[in-house]
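Protein chains: 2
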Amino acid sequence: MSFWLARHIPYPYPKPLSDPRSPLSAPLHRRPTMKDVAQAAGVALKTVSRVVNGESTVAPDTLDRVQQAITELGYRRNEGARQLRQGRSQAIAMVVRDIADPFFAAIGRAVETRAETGELVVMIGSSHDEPAREREVALGFCARRPNALIIAPIAKRQDYLLPEMADGLPVCAVDRPAQGIACDAVLSDNTGGIRAAVDHLAAHGHRRIGYLGDDPAVFTSRERVAGFRAAMAARGLQVNEDEVRLGAPAPTSVGAALRTLLDPSDPVTALITANNRLTVEALRQLDHVEDRPALVAFDDLELGELLRPGLTVVAQDPEAIGNAVMDLLASPHPEPREVRIPVTLIPRGSAEFPP
Amino acid sequence: MSFWLARHIPYPYPKPLSDPRSPLSAPLHRRPTMKDVAQAAGVALKTVSRVVNGESTVAPDTLDRVQQAITELGYRRNEGARQLRQGRSQAIAMVVRDIADPFFAAIGRAVETRAETGELVVMIGSSHDEPAREREVALGFCARRPNALIIAPIAKRQDYLLPEMADGLPVCAVDRPAQGIACDAVLSDNTGGIRAAVDHLAAHGHRRIGYLGDDPAVFTSRERVAGFRAAMAARGLQVNEDEVRLGAPAPTSVGAALRTLLDPSDPVTALITANNRLTVEALRQLDHVEDRPALVAFDDLELGELLRPGLTVVAQDPEAIGNAVMDLLASPHPEPREVRIPVTLIPRGSAEFPP
DNA sequence: AGCCAGAATGACATCGTTGTCATTCAAGAT
DNA sequence: ATCTTGAATGACAACGATGTCATTCTGGCT
Numbered sequence: 045m046s047f048w049l050a051r052h053i054p055y056p057y058p059k060p061l062s063d064p065r066s067p068l069s070a071p072l073h074r075r076p077t078m079k080d081v082a083q084a085a086g087v088a089l090k091t092v093s094r095v096v097n098g099e100s101t102v103a104p105d106t107l108d109r110v111q112q113a114i115t116e117l118g119y120r121r122n123e124g125a126r127q128l129r130q131g132r133s134q135a136i137a138m139v140v141r142d143i144a145d146p147f148f149a150a151i152g153r154a155v156e157t158r159a160e161t162g163e164l165v166v167m168i169g170s171s172h173d174e175p176a177r178e179r180e181v182a183l184g185f186c187a188r189r190p191n192a193l194i195i196a197p198i199a200k201r202q203d204y205l206l207p208e209m210a211d212g213l214p215v216c217a218v219d220r221p222a223q224g225i226a227c228d229a230v231l232s233d234n235t236g237g238i239r240a241a242v243d244h245l246a247a248h249g250h251r252r253i254g255y256l257g258d259d260p261a262v263f264t265s266r267e268r269v270a271g272f273r274a275a276m277a278a279r280g281l282q283v284n285e286d287e288v289r290l291g292a293p294a295p296t297s298v299g300a301a302l303r304t305l306l307d308p309s310d311p312v313t314a315l316i317t318a319n320n321r322l323t324v325e326a327l328r329q330l331d332h333v334e335d336r337p338a339l340v341a342f343d344d345l346e347l348g349e350l351l352r353p354g355l356t357v358v359a360q361d362p363e364a365i366g367n368a369v370m371d372l373l374a375s376p377h378p379e380p381r382e383v384r385i386p387v388t389l390i391p392r393g394s395a396e397f398p399p
Numbered sequence: 045m046s047f048w049l050a051r052h053i054p055y056p057y058p059k060p061l062s063d064p065r066s067p068l069s070a071p072l073h074r075r076p077t078m079k080d081v082a083q084a085a086g087v088a089l090k091t092v093s094r095v096v097n098g099e100s101t102v103a104p105d106t107l108d109r110v111q112q113a114i115t116e117l118g119y120r121r122n123e124g125a126r127q128l129r130q131g132r133s134q135a136i137a138m139v140v141r142d143i144a145d146p147f148f149a150a151i152g153r154a155v156e157t158r159a160e161t162g163e164l165v166v167m168i169g170s171s172h173d174e175p176a177r178e179r180e181v182a183l184g185f186c187a188r189r190p191n192a193l194i195i196a197p198i199a200k201r202q203d204y205l206l207p208e209m210a211d212g213l214p215v216c217a218v219d220r221p222a223q224g225i226a227c228d229a230v231l232s233d234n235t236g237g238i239r240a241a242v243d244h245l246a247a248h249g250h251r252r253i254g255y256l257g258d259d260p261a262v263f264t265s266r267e268r269v270a271g272f273r274a275a276m277a278a279r280g281l282q283v284n285e286d287e288v289r290l291g292a293p294a295p296t297s298v299g300a301a302l303r304t305l306l307d308p309s310d311p312v313t314a315l316i317t318a319n320n321r322l323t324v325e326a327l328r329q330l331d332h333v334e335d336r337p338a339l340v341a342f343d344d345l346e347l348g349e350l351l352r353p354g355l356t357v358v359a360q361d362p363e364a365i366g367n368a369v370m371d372l373l374a375s376p377h378p379e380p381r382e383v384r385i386p387v388t389l390i391p392r393g394s395a396e397f398p399p
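Those protein sequences? They're chains A and B, same order as listed. To convert, count from 1 in the first sequence and add 44; that's my numbering. To convert, count from 1 in the second sequence and add 44; that's my numbering.
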């Protein structure tokens, strides 16, 4: 896939090979410019600029003539040129871990809605959980001089953004805080969410609760498991270390964890799964299991209500996250801020098994 | 939302470098330009350009000096200026109906992957099923002079794109064909998918099959219902017109349809739901129903396999759609093309009820 | 009549990059 | 020794928009 695109990273950029027959080749008609409009309307270029930008010092009939010329020629301002002059490109750049992940897609939608599209464009890219790619995508976006950068960090450090930030680029992290830079962050209330899960299970009489969590190297994973221990302690419930299983959402590791947790000689009566992929894998495997434990999942699944039993979840609020990000970016503040977005426990039945 | 608007409207813009002698005109670093790099490396600006673009006529030690200067200054090419010179902004614009819809999100991911992000940036926007917004978003993107536009049409006509296309913008429709313009299209094999559903149900002995479809004003909806009639006819099965229900996926209309189809005096034994939202609503309502009909759904649901019974679906292939789009955009062809992407029936149990 | 304020408009430089064309210089050909 | 050639480099003008500043033209005031 090269063609019109030159690939990225280390300079030099390779030359895009130009196929004369390619649909990307020479235009039949040059798009009209302000100069063309000016000529058509019999005014100076600068007057067209005034009209386009809604400046007030244009006489009514001049305005008419110019607007008519704009319509007739189908003029559209070239945003690239505008950016060159003004320094920023009226765009919001967003680097998420996976644009097809419903969580990030929903954040994207909120951001996009707030961006009042047409004026502010949203550029989206995925890191696919690869630190190098995160950097590459983020810096590629920065070359477009966006008005702001939203990033779901996956790399250990985001200090490669320092030059951009020194140049005035506002940066906001989502899902996890950024490292190595001082920037805003919008995070879910992981601790509170897990506490709600524990409380909910305890309210239904459970005292032996197992925990299935992600790699502890991940920030959210650490917060959630810490929240679990704290919530259990607050309830006076004992945490059996064998029953806190942290690892990848792979079938084998989840299977091993479940075998331990549900060991017939001494099974837990309830289970918390700390993220989406773990939940799905656990559900898959629990399907073959008799005497399923009660279950509360962190992060909602689209069809949680259609499962039987319905899946009780601690739902994050991606729309609120997106809105909070836009709020932070829109209001100037000297010190970086961290915003926590509340999560909601949605009872649907899977936690209501008798212990 | 006024922060960046404030940034873009009036000067004074970062002009603080006006007095470089002042110790107070402190580090509001302007991003370095080719000029800065050239000065640092002791070469002409044009030579830096050659290095950055990988032209071959640069002496090895000049190359070294320039590359070192680039690294030291943290230089990044300003893509806006490049666009101004070259006419296109190394970006792909994509207008979908809803970026948070898993189908479109998956297409977006495929496109983004093929775009080798960093060089080719992906701009995404949603029309939210509003024709006016589709136009606004698409034209807003066009002002950025992208290399290509991918659009999931919702408006009646896309002829507002004609000026852009005359200027050489390649356009490709997805999901539905565009109207009023001659452009490529990548569509799912709706007819074949419904035929597969009918065949599958017939193979399990069903002869009375009901159909729940979308508003017939929608292209995909028309194709699918036509496919249903054709497939039934091909099998020698009779279609009872009362049992082909087209309408919005609202609870009331789906409820009414289900009551008709499942009328105890003469119920269908199987059901086809022709899109995602209809499927979800039908599943919701069927949950309270005894003697559920067999079911095949067009379009996969994320957790179809976890439902009980497992949901048998005709799955579209958004990744293949995205890839096909990129193939079309990258390969020269004089006439617009329409590509059909195969769909796959995934049996998971819900179609295997005895009739 | 003379003057001025303010509204309306335009000329021009500029943003950072790349295409075009000109220049320099050394090595090889004559 | 002169000419040719090609490699390496640079000067300069675009690209389309906007900020600055200058100019023209009103009408209202002395």
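Ideal placement from N, C-alpha and C gives every residue a C-beta, glycine not left out. None of the values given here were measured: they were computed from a predicted structure.
- Query: For B/Gly-169, which residues of its own chain have a beta-carbon under 6 Å away from its beta-carbon, when the five flanking residues on both sides are left out?
  - Reply: Val-139, Val-181
- Message: Taking 8 Å as the threshold (beta carbon to beta carbon), is B/Pro-146 in contact with chain A?
- Response: yes
- Item | Partner residues on chain B for A/Ala-187, Cβ-Cβ distance less than 8 Å | Ordered by position in chain B, the residues that pass the 8 Å Cβ test against A/Ala-187 are Arg-120, Arg-121, Asn-122, Glu-123.
- Would you say A/Pro-71 reaches chain B, if we count a Cβ-Cβ gap shorter than 8 Å as a contact? Here the model assigns A/Pro-71 a pLDDT of 48, short of 50, so the residue's position is not dependable and the matter cannot be decided.
- Note down, in chain order, all residues in the stretch 158-170 of chain A with a beta-carbon under 9 Å from any beta-carbon belonging to chain B. Arg-158, Ala-159, Glu-160, Thr-161, Gly-162, Glu-163, Leu-164, Val-165, Val-166, Met-167, Ile-168, Gly-169, Ser-170
- Entirely enclosed beta strand (DSSP E) segments - the stretch 319-363 of chain B, minimum 3 residues: 338-342, 356-359
- A/Ala-229 CB to nearest chain B CB: under 8 Å? no
- Query: So what does DSSP say about A/Gly-393, is it helix, strand or coil?
  - Reply: strand
- Task: Put A/Ile-195 into one of helix, strand or coil per three-state DSSP.
- Result: strand
- Tell me, please, whether the CB atom of A/Gln-111 is closer than 8 Å to any CB atom in chain B? Not a single C-beta of chain B is nearer than 8 Å to the C-beta of A/Gln-111.
- Task: Going by CA-CA distance only, name the one from B/Gln-329, B/Gln-282, B/Ser-232 that's closest to B/Pro-386.
- Result: B/Ser-232
- Query: Rounded C-beta distance between A/Ala-85 and A/Val-110? I'm assuming under 8 Å.
  - Reply: Between A/Val-110 and A/Ala-85 the Cβ distance is about 5 Å, and since that is below 8 Å, they are a contact.
- 8 Å Cβ cut-off: residues of chain B touching A/Gly-152: Ile-143, Ala-144, Ile-168
- At least one CB of chain B closer than 8 Å to the CB of A/Asp-211: is that the case? yes
- Task: Keeping to the same chain, check which residues put their C-beta closer than 7 Å to that of B/Arg-65; ignore five residues upstream and five downstream.
- Result: Low confidence applies here, because B/Arg-65 scores a pLDDT of 32, under 50, leaving its location unreliable and the question unanswered by this model.
- Below 8 Å between beta carbons: does that hold for B/Val-81 and B/Ala-113? yes
- Message: For A/Gly-152, which residues in the same chain have their Cβ closer than 8 Å to its Cβ, ignoring the five residues on either side in sequence?
- Response: By the criterion of a C-beta distance shorter than 8 Å, A/Gly-152 is surrounded in its chain by Met-138, Val-140, Ile-143, Val-166, Ile-168, Gly-366, once the five residues flanking it on both sides are discounted.
- Item | A/Leu-128 to B/Ala-135 span [Cα, whole Å] | 17 Å
- Message: Can you pull the chain B neighbours of A/Leu-327, defined as C-beta to C-beta under 7 Å?
- Response: Leu-350
- Interface partners of A/Glu-156 on chain B, CB under 8 Å: Those are Ile-143, Ile-168, Gly-169, Ser-170, listed as they occur along chain B.
- Query: Are the C-beta atoms of B/Pro-207 and some chain A residue less than 8 Å apart?
  - Reply: yes
- Task: Using only alpha-carbon positions, find the residue among A/Glu-382, A/Leu-389, A/Leu-305, A/Pro-398 that is nearest to A/Arg-220.
- Result: Residue A/Glu-382 is the option with its Cα nearest to A/Arg-220.
- Relative to the alpha-carbon of A/Leu-117, which residue among B/Pro-207, B/Pro-214, B/Ala-318 has its alpha-carbon at the smallest distance? Between A/Leu-117 and the set B/Pro-207, B/Pro-214, B/Ala-318, the nearest pair of CA atoms involves B/Pro-207.
- When the cut-off is 8 Å and only beta carbons count, does A/Gly-401 lie next to chain B? With chain A covering only 45 through 399, there is no way to say anything about residue 401 of chain A.
- Message: Does A/His-250 pass the burial test, meaning 16 or more other C-beta atoms within 10 Å, or should it be called exposed?
- Response: Answer is buried; the Cβ neighbour count reaches 16.
- Message: Between B/Ser-133 and chain A, is the shortest Cβ-Cβ distance under 8 Å, so that the two count as touching?
- Response: yes
- Query: B/Met-167 bridges to which residues according to DSSP?
  - Reply: DSSP, once it has assigned bridges, lists A/Met-167, B/Ala-137 as partnering B/Met-167.
- Task: Take the Cβ of B/Asp-145 as the centre, count every other Cβ of all protein chains shown within 10 Å, and call the residue buried at 16 or more, exposed below.
- Result: buried
- Please look up how many angstroms separate the CB atoms of B/Val-218 and B/Met-370, rounded, as I've assumed it's under 8 Å. No, B/Val-218 and B/Met-370 are not in contact; Cβ-Cβ is about 11 Å, not under 8 Å.
- Under a CB-based cut-off of 8 Å, is A/Leu-339 close to chain B? No, no contact with chain B.
- Message: Which complete alpha helix (DSSP H) runs does the stretch 246-329 of chain B hold, if anything under 4 residues is left out?
- Response: 263-278, 295-305
- Query: Closest Cβ-Cβ distance between A/Ala-85 and chain B: below 8 Å?
  - Reply: no
- Inter-residue Cα distance where the pair is A/Val-215 and A/Glu-178: 14 Å
- Message: At the 8 Å Cβ level, is A/Gln-6 part of the contact set with chain B, yes or no?
- Response: No information on residue 6 of chain A is available, as it lies outside the stretch 45 to 399 that chain A covers here.
- Determine the burial state of A/Ser-69: buried for a count of at least 16 other Cβ atoms within 10 Å of its Cβ, exposed for fewer. Only weak support exists for where A/Ser-69 lies, its pLDDT of 41 falling under 50; the coordinates are left without a value.
- Query: B/Arg-201 CB to nearest chain A CB: under 8 Å?
  - Reply: no
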